[in-house]
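First the structure, in the form of structure tokens, and then the observations on it.
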Amino acid sequence: MSSDTDFINIQKSMNDYLTTKNTYFSQQNTQVENIFDKLTDKTSANINDLKKQVDAQNQQIEKQIFNNKSDSNETTYVKSEYQYIEINKLKGQNKILLSIYYIFVVILGVIMAVYSSLPIPAKFGVFVGLLVYPFVIYYIEIVIYIFLKYMYSLVSTSKFSNVYIHNY
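Here my numbering runs 42 ahead of the position in the sequence shown, where the first position is 1.
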């Protein structure tokens, strides 16, 4: 009988231990659930606040866009739009004219190569000169203009003022 009592005592001790263990884990689980519930509530509140802020900013942006669209008849906007359109037209015309110029240079180069009595280095020099002409003519014009303006001021005994050299 002693062994039965020992067995019952061991069984009772094990049951008490399992009950204590289950109670402890249940308390721990409850604490963890409470912590996660608090975190979830706080995160949810933060998300809602952020959503409200983003919605408010979106409304402000929509108002600004609407106001900008309503200002489309303002003279500065219309003027800048007109200038943008005109610049694009001029760029297109410049491309067309530059293409025509280079076609003309190629035709002239072929004619010069076939019918000209110039030596080959001279023909090559004239051809290269015609190719780079559009890129260097502006600077040549500026130098000639400044020189003629200087000569005019020298002859007319007026002060030479050069806007390209900051009123030198």
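C-beta atoms are modelled at their ideal positions from N, C-alpha and C, and glycine is treated no differently. These numbers were taken from a predicted model, which means no experiment stands behind them.
Assignment of Phe202 by DSSP, reduced to helix, strand and coil, places it in the coil class. DSSP, read as helix, strand or coil, puts Leu172 in helix. DSSP, read as helix, strand or coil, puts Ser159 in coil. If you draw a straight line from the Cα of Tyr180 to the Cα of Ser158, it comes to about 29 Å. In this structure, the straight-line span from the alpha carbon of Leu173 to that of Ile153 is close to 15 Å.
In this structure, Pro176 lies away from Tyr124, with their beta-carbon atoms at least 9 Å apart. Each residue's CA atom was taken as its position, placing Ser68 and Thr62 some 10 Å apart. Take Phe202, set aside five residues on each side of it, and the residues of its chain with a beta-carbon closer than 6 Å to its own are Tyr192 and Ser195, in chain order.
Closest in alpha carbon position to Gly171, among Gly151, Gln101, Asp97 and Thr199, is Gly151.
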